[in-house]
Amino acid sequence: MATQQSRSAARIMMAPAVILLLGWMLVPLTMTVWFSFKKYLPLRGGDLGWTGFDNYVRFFTSSAFWPSVQATLVIVGGVLAITIVFGVLLAALLNQPMWGRGIVRILVIAPFFVMPTVSALVWKNMFMDPVNGLFAHLWKLFGAEPVSWLSEASLESIILIVSWQWLPFATLILLTAIQSLDSEQLEAAEMDGAPPLKRFGFITLPHLSRAITVVVLIQTIFLLSIFAEIFVTTQGAFGTKTLTYLIYQRVLESQNVGLGSAGGVYAIILANIVAIFLMRIVGKNLDT
Amino acid sequence: MGRIVLDKISKSFGDVEVIPPLDLAINDGEFTVFVGPSGCGKSTLLRLIAGLEDSSGGHIRIDHEDATHVPPAKRGLAMVFQSYALYPHMSVRKNIAFPLKMAKMDKAEIDRRVEGAASVLNLTDYLDRRPGQLSGGQRQRVAIGRAIVREPSAFLFDEPLSNLDAALRVGMRLEISELHKRLKTTMIYVTHDQVEAMTMADKIVVLQAGVIEQVGSPLELYRAPRNVFVAGFIGSPKMNLLSGPEIADYNAHTIGTRPEHIAISQTEGVWEGTVGVSEHLGSDTFVHVKCAAFPEPLTVRVRGELDLSYGSTVFLTPDPEHLHRFDAQGLRFA
Ligand SMILES: Nc1ncnc2c1ncn2[C@@H]1O[C@H](COP(=O)(O)OP(=O)(O)OP(=O)(O)O)[C@@H](O)[C@H]1O
Ligand SMILES: [Mg+2]
Numbered sequence: 269m270a271t272q273q274s275r276s277a278a279r280i281m282m283a284p285a286v287i288l289l290l291g292w293m294l295v296p297l298t299m300t301v302w303f304s305f306k307k308y309l310p311l312r313g314g315d316l317g318w319t320g321f322d323n324y325v326r327f328f329t330s331s332a333f334w335p336s337v338q339a340t341l342v343i344v345g346g347v348l349a350i351t352i353v354f355g356v357l358l359a360a361l362l363n364q365p366m367w368g369r370g371i372v373r374i375l376v377i378a379p380f381f382v383m384p385t386v387s388a389l390v391w392k393n394m395f396m397d398p399v400n401g402l403f404a405h406l407w408k409l410f411g412a413e414p415v416s417w418l419s420e421a422s423l424e425s426i427i428l429i430v431s432w433q434w435l436p437f438a439t440l441i442l443l444t445a446i447q448s449l450d451s452e453q454l455e456a457a458e459m460d461g462a463p464p465l466k467r468f469g470f471i472t473l474p475h476l477s478r479a480i481t482v483v484v485l486i487q488t489i490f491l492l493s494i495f496a497e498i499f500v501t502t503q504g505a506f507g508t509k510t511l512t513y514l515i516y517q518r519v520l521e522s523q524n525v526g527l528g529s530a531g532g533v534y535a536i537i538l539a540n541i542v543a544i545f546l547m548r549i550v551g552k553n554l555d556t
Numbered sequence: 005m006g007r008i009v010l011d012k013i014s015k016s017f018g019d020v021e022v023i024p025p026l027d028l029a030i031n032d033g034e035f036t037v038f039v040g041p042s043g044c045g046k047s048t049l050l051r052l053i054a055g056l057e058d059s060s061g062g063h064i065r066i067d068h069e070d071a072t073h074v075p076p077a078k079r080g081l082a083m084v085f086q087s088y089a090l091y092p093h094m095s096v097r098k099n100i101a102f103p104l105k106m107a108k109m110d111k112a113e114i115d116r117r118v119e120g121a122a123s124v125l126n127l128t129d130y131l132d133r134r135p136g137q138l139s140g141g142q143r144q145r146v147a148i149g150r151a152i153v154r155e156p157s158a159f160l161f162d163e164p165l166s167n168l169d170a171a172l173r174v175g176m177r178l179e180i181s182e183l184h185k186r187l188k189t190t191m192i193y194v195t196h197d198q199v200e201a202m203t204m205a206d207k208i209v210v211l212q213a214g215v216i217e218q219v220g221s222p223l224e225l226y227r228a229p230r231n232v233f234v235a236g237f238i239g240s241p242k243m244n245l246l247s248g249p250e251i252a253d254y255n256a257h258t259i260g261t262r263p264e265h266i267a268i269s270q271t272e273g274v275w276e277g278t279v280g281v282s283e284h285l286g287s288d289t290f291v292h293v294k295c296a297a298f299p300e301p302l303t304v305r306v307r308g309e310l311d312l313s314y315g316s317t318v319f320l321t322p323d324p325e326h327l328h329r330f331d332a333q334g335l336r337f338a
């Protein structure tokens, strides 16, 4: 936007969208903050008036709070690490000319179209079931004791399920980025004596840094609020109670809207801390 | 050392034979230019020499050693790409140092060579910038810098000046020629611009559809083009190629005469014609003359300024000393 005129024109054109988004965001946010200062127990008397910061103190001092923050961060971090590493590798692989590349690309993208609830159920019953799951059969084939995944390695299992869902997204974005890499740069590096791994490290990876940033930021937003995967697998047991799940339990299982709303505000704070942290680390990639 | 010999080298993409078997020898220290129309296979030939494409047949020898299956990095050649192919996320210094870093040279030596190349190419003030912050000519120089620090046995240039504006192109042309005189390294230079070919080359290789039409020094090609294609391609403005009943006296299928070898007169001459557009360059005037005998207008070059009004009648006389005669196959026989 170079000129004064184009800038103000841009502002006017953007205004409806900005106002709509603001409304969309502000109304629920205000309601959450509103309820968080109330004692509101729908099945036990309804609105029982203002309580000040009571809900905040109770939510924060509850023994479930810190473990839930930790579980949230572990899941987000684990999924990000897995999807980025394998996403980059898959993208590099799918960028190679090979037989049946078109079909493989579609297959790779397929998991993204499966609803979270469905995919979690499929993983739980088909793969991770300690009696009939495919993993159990595989373990038995090698004479090992089947692992009851969702209770013994619950966090890891959830990370695996969620990663499987998000890997296509990461791969897709990284693949388009890798395809935009000028092949002459790779050839120049080849002539400069860089072997394949160094070409990947010095040319391809820096080229992908911006796409990786985008993937990290977008995924973080969605991963902070994963719910269905936990709901249909462990129901928050075995250390998989994330902040989102904790809020759900407070609001719907304990029927305490005020307490849950206070948790919601904490979730917003956590999301912002994570966002600031990420922007510090990777956000500078977006500048240039 | 940088003697490159192509022995029956050929290249096909699938069923399409882009370069039929071809022989060529490039001597050490020579500035060789590949020139030809777009799509004739110049880049492909250069990439074959660089090792970026596998040949479909034949051998490449570099300094008497068979390099046909040697990977690009081991051939000791440096290439400057048309798009420059600079590494966008590295500073100019890191770009130039990259090949040395890959060769695991020690830090002090890398710094010394980078500083040296930068001062030769007037890049010292820009060493800490990114390629995106440089002008086209500066990027071009960085690409050349990245090539010279390796001290290769030959440089390969693929249309390095085609992204520059006309004035800058003339400047860079001189700089590259200067560099060649100083380094005395073999250079292979691809261009479709015959002016670049004529001004820079020790040896020009004219290609058409993957076939070498002629190899020779610029003046050899100018004086004695082997066939109609070379005759029409080398020289600016283009040679006038004439055929038809009007030239029966010359005992040739086609005759060629360069614009500078035609005398123009308002009173007498061999061919009569009417004056078309005149292009005034100051030092020269190019007059386009439409002759009834030939379908194409003839171009005539006149020294200095000449005023002929559009549509007036003139007479043209070709200089018999510089007349090229071609047979029905397009080959020159005198
Ligand atoms: N990877 C490829 N696959 C198939 N055909 C190709 C490939 N690369 C080049 N060609 C074909 O080979 C021919 C020669 O291409 P090349 O790039 O060598 O032309 P060029 O002489 O460099 O032309 P220009 O002056 O336009 O750069 C062209 O007809 C082109 O279509
Ligand atoms: Mg080319």
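So the sequence lines, in the order shown, correspond to chains A and B.
Numbers in my numbering are just positions in the first sequence, counted from 1, shifted up by 268.
Numbers in my numbering are just positions in the second sequence, counted from 1, shifted up by 4.
We put the beta carbon where it would ideally sit given N, CA and C, even for glycine.
For residue i, three-class secondary structure by DSSP
| i | result |
| --- | --- |
| residue 223/B | helix |
| residue 501/A | coil |
| residue 181/B | helix |
| residue 106/B | helix |
| residue 253/B | helix |
| residue 83/B | strand |
| residue 396/A | coil |
| residue 191/B | strand |
| residue 244/B | strand |
| residue 461/A | coil |
| residue 509/A | coil |
Contact with chain B by residue i, beta-carbon distance below 9 Å
| i | result |
| --- | --- |
| residue 461/A | yes |
| residue 468/A | no |
| residue 450/A | yes |
| residue 475/A | yes |
| residue 433/A | no |
| residue 480/A | no |
| residue 455/A | yes |
Neighbour flag for residue i against chain A, beta carbons, 9 Å
| i | result |
| --- | --- |
| residue 150/B | yes |
| residue 6/B | no |
| residue 183/B | no |
| residue 121/B | no |
| residue 178/B | no |
| residue 82/B | yes |
| residue 154/B | yes |
| residue 107/B | yes |
Residue interval of the alpha helix (DSSP H) (run including residue i)
| i | result |
| --- | --- |
| residue 322/A | 322-329 |
| residue 51/B | 46-54 |
| residue 444/A | 422-447 |
| residue 326/B | No alpha helix (DSSP H) contains residue 326/B, which DSSP labels as neither H nor E. |
| residue 296/A | 272-304 |
| residue 338/A | 333-362 |
| residue 282/B | Unbroken run through residue 282/B is the beta strand (DSSP E), 275-284; no alpha helix (DSSP H). |
| residue 213/B | Counting along the chain, residue 213/B falls outside any alpha helix (DSSP H), and DSSP gives it neither H nor E. |
| residue 120/B | 111-124 |
Inter-residue Cα distance where the pair is residue i and residue j
| i | j | result |
| --- | --- | --- |
| residue 334/B | residue 232/B | 5 Å |
| residue 199/B | residue 306/B | 19 Å |
| residue 182/B | residue 448/A | 36 Å |
| residue 443/A | residue 347/A | 19 Å |
| residue 530/A | residue 314/A | 17 Å |
| residue 295/A | residue 479/A | 32 Å |
| residue 8/B | residue 110/B | 30 Å |
| residue 324/A | residue 521/A | 18 Å |
| residue 540/A | residue 481/A | 17 Å |
| residue 440/A | residue 359/A | 7 Å |
Within chain D, partners of residue i - CB distance below 7 Å
| i | result |
| --- | --- |
| residue 76/B | The displayed structure is made up of protein chains A and B, and chain D is not among them. |
Boundaries of the beta strand (DSSP E) in which residue i is found, first to last residue
| i | result |
| --- | --- |
| residue 30/B | 20-30 |
| residue 540/A | First-last for residue 540/A: 525-550, but that is the alpha helix (DSSP H), not the beta strand (DSSP E). |
| residue 408/A | Unbroken run through residue 408/A is the alpha helix (DSSP H), 402-409; no beta strand (DSSP E). |
| residue 292/B | 288-295 |
| residue 9/B | 8-17 |
| residue 490/A | Residue 490/A -> not in any beta strand (DSSP E); alpha helix (DSSP H) instead, spanning 473-491. |
Item to complete: Taking only beta carbons into account, state which residues of the stretch 414-427 of chain A come closer than 7 Å to chain B, listed in chain order.
Response: none
Fill in: Near-chain A residues of the stretch 84-105 of chain B - C-beta to any C-beta below 7 Å
85, 87, 89, 91, 93, 102 and 103
Worksheet item: Relative to chain B, which residues along the stretch 356-367 of chain A have a C-beta separation below 9 Å, given in chain order?
Response: none
Practice prompt. Using a Cβ-Cβ cut-off of less than 7 Å, give me the residues of the stretch 47-72 of chain B that come near chain A, in sequence order.
Written response: 54 and 56
Fill in: Residues of the stretch 525-553 of chain A with Cβ closer than 8 Å to any Cβ of chain B, in chain order
none
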